[in-house]
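Add 1 to the 1-based position in the sequence shown for our numbering, that's all there is to it.
Quick reminder that beta carbons are idealized off the backbone N, C-alpha and C, glycines included.
This one's a predicted model, so the numbers in the text were calculated from it and none came from an experiment.
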Amino acid sequence: MYKTKKKVLVTGCAGFIGFHLCQRLLNSNQYNVYGLDNLNSYYDIKLKKDRLRILKKNKKFNFFKINITKKTELKKNFDKCKYDVVINLAAQAGVRHSIEYPETYVENNIIGFFNILEASKKINLKHLIFASTSSVYGSSNSFPLKESENTDAPLSFYAATKKTNEVLAYSYANIFKLPCTGLRFFTVY
């Protein structure tokens, strides 16, 4: 019996984690993979474009240059593609950078994530997986850290935006029954 492959969107697909995740999903031959990235200059744009060239060699990969802060454009994309799973890795990273440019973090990490939640809710998404950070643990001195540890006192603006994502996702999961899973990444590479 023919089974349609799930449509998986990876936001931040040109970043380090997003690129490798897209490759893994494509190599599994179980998914149609869609990538979304705004190709901002926080990291090397040439490197991002090189990664996209590699991904685009696979016919099961479709790329959209969209900024998640652009609600209308994002919603149109979700409405058209009707994703089954969204893996949100798009964010403005950097603890130190967040101190100098807090508005960039509110726009990208909070407003952008809110836009993804809203667009996901409207297409009856099966699962939203999103990147959080170990920075939400603040100054915890207990190691190894446990998921149940207090995260109510983030020490950086970046961590505060990611904690906000976790709280928003929790609310959407409860109010709208949108399945959400947050991944608290520690230092990657």
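Best match in the options for proximity to residue i [C-alpha to C-alpha]
i: Tyr-159; options: Ala-170, Gly-16, Asn-109; result: Asn-109
i: Thr-162; options: Asn-142, Phe-177, Thr-105, Tyr-173; result: Thr-105
i: Lys-61; options: Asn-30, Asn-142, Tyr-102; result: Asn-30
i: Glu-101; options: Ser-157, Val-11, Lys-81; result: Ser-157
For residue i, three-class secondary structure by DSSP
i: Tyr-84; result: coil
i: Thr-165; result: helix
i: Val-189; result: coil
i: Thr-73; result: helix
i: Met-2; result: Confidence in Met-2 is poor, its pLDDT being 44 and thus under 50, which makes the residue's placement unreliable; the coordinate value appears in the next sentence. It is coil, neither helix nor strand.
Proximal residues to residue i (C-beta, below 8 Å), its chain only, five neighbours per side dropped
i: Ala-154; result: Gly-139, Ser-140
Proximity of residue i and residue j at Cβ, strictly below 8 Å
i: Val-137; j: Arg-97; result: no
i: Leu-179; j: Lys-122; result: yes
i: Phe-115; j: Cys-181; result: no
i: Ile-69; j: Leu-22; result: no
i: Lys-83; j: Lys-8; result: yes
Cutoff 7 Å; reference residue i; Cβ partners in own chain excluding five residues on either side
i: Leu-53; result: Ala-15, Phe-64
Neighbourhood of residue i by C-beta distance below 6 Å, restricted to the same chain and skipping five residues each side
i: Met-2; result: Note on Met-2: pLDDT 44, under 50, position unreliable in the model; the coordinate value appears next. Around Met-2: no qualifying Cβ.
i: Thr-165; result: Ile-111
Beta bridge counterpart(s) of residue i as assigned by DSSP
i: Gly-183; result: Phe-131
i: Phe-62; result: Val-34
i: Leu-10; result: Tyr-35, Val-87
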